[in-house]
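Quick note: the sequence shown uses full-length UniProt numbering, first residue 1, plus one each step.
Built from N, CA and C at the ideal position, the CB exists for glycine as well.
Before any comments, here is the structure.
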Amino acid sequence: MIPRTAWPKYDYGWLHDSHMAAAMLMFHRRAMQSESPFSSPRIAFLDRWFVNSWVNDYKKYEETNEFSEHYSMAFNGEYPAEFVTGKKWFKDVDSLFLCHHVNGDHWVALHIELHNEVINVYDSIRSVVSDKKMQEECRPFTKMLPALLNKMLDHKPRTKRYKQFTYRRDKKIPQNKDPGDCGVYTLKFIECLALGYKFEGLSDQIIPAMRLKMAAEIYDEVGMED
């Protein structure tokens, strides 16, 4: 998470899976504190590596309509090991937060509302991916989540439904006009949403400071360097 002024080439400081994974672990650990800073206890942060597997599993799911045991465990707040909450989705958790890698080079934040069956996309550079393509990039979640809920819940809290989750892409959020910081924006979107804050003041002017602050926090709370 090196400052842009120290990048030897234009994409040197782009955030990668390991950076996003460390930040999501940090958010998860904060959520599990006895006095969490977040606005609700009914939220969960998804492990970056689990999300990556989810996306990769989508093609196989299209052929088999089957879920591995990891999905049931994640649903029950028992997987992955570093992200155990003991909270069951839908019963104890209303909102899922995750960072999604799209187009091979771009990060966006996803806020999934389980009860409303809505997936909200927060994209700091909307010109990178068309709305149609973004909707396809989110298909692993819009399509697999209804099936997972059908599998894991009986008819009492939720009748079985087969319609895909609604896809929404917020068009009134701060934009990264000097591209290269979509990863930092994505993490700040997730953090602000979980805290119950608006995005006011988030801009390219303060992102360098936000990058350094988050890097220091990750080093302190998770132990990752770079």
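The beta-carbon distance between ARG30 and SER36, rounded to whole angstroms, is 6 Å. This is short enough to meet the 8 Å contact definition. Boundaries of the alpha helix (DSSP H) around ILE207: 207-221.
According to the DSSP assignment, ASN176 belongs to no beta strand (DSSP E), since it is labelled neither H nor E. Counting C-beta atoms within 10 angstroms of its own C-beta, HIS28 has 16 or more neighbours from the protein chains shown and is therefore classed as buried. Taking GLU78 as the centre and dropping the five residues before and after it, the same chain places the C-beta of VAL84, GLY86 closer than 8 Å to its C-beta, in chain order.
In the assembly as shown, LEU212 is an exposed residue. Its beta-carbon has fewer than 16 other beta-carbons within 10 Å. Within its own chain, the residues whose Cβ lies closer than 7 Å to the Cβ of GLU217, once the five positions on either side in sequence are excluded, are MET26, listed in chain order. PHE67 and ALA74 have their C-alpha atoms some 11 Å from each other. Taking the Cβ atoms as the reference, THR186 lies roughly 20 Å from PHE165, outside the contact range of under 8 Å. Taking every protein chain shown into account, the CB of ARG48 has 16 or more other CB atoms within 10 angstroms, so this residue is buried.
In this model, GLY201 and ALA209 are separated by some 13 Å (Cα to Cα). According to the DSSP secondary-structure assignment, GLU113 is paired through a beta bridge with SER95, VAL118. Judged by pairs of C-beta atoms under 8 Å, the stretch 49-59 touches the stretch 98-111, as three or more such pairs exist. A direct Cα-to-Cα measurement between ASP181 and VAL93 gives close to 30 Å. In its chain, beyond the 5 residues on either side, PHE97, HIS111 have a beta carbon closer than 7 Å to the beta carbon of LEU193. Of the candidates SER95, ARG161, LYS172, ALA81, LYS172 places its Cα closest to the Cα of TYR122. Only residues of its own chain outside the window of five on either side were considered, and among them PHE165, THR166, ARG168 have a CB closer than 7 Å to the CB of VAL118, listed in chain order. Per the coordinates, the alpha-carbon of ASP105 lies some 27 Å from the alpha-carbon of TYR197. Going by C-alpha positions, ASN150 is about 39 Å away from ALA215. Look at THR85 here: in three-state DSSP terms it is coil, with no helix or strand label. Residue pairing by DSSP places TRP107 opposite HIS101 in a beta bridge. Assigned with DSSP and collapsed to three states, THR166 falls in strand.
Taking a C-beta distance under 9 Å as the contact criterion, ASP204 and ASP178 qualify as a contact pair.
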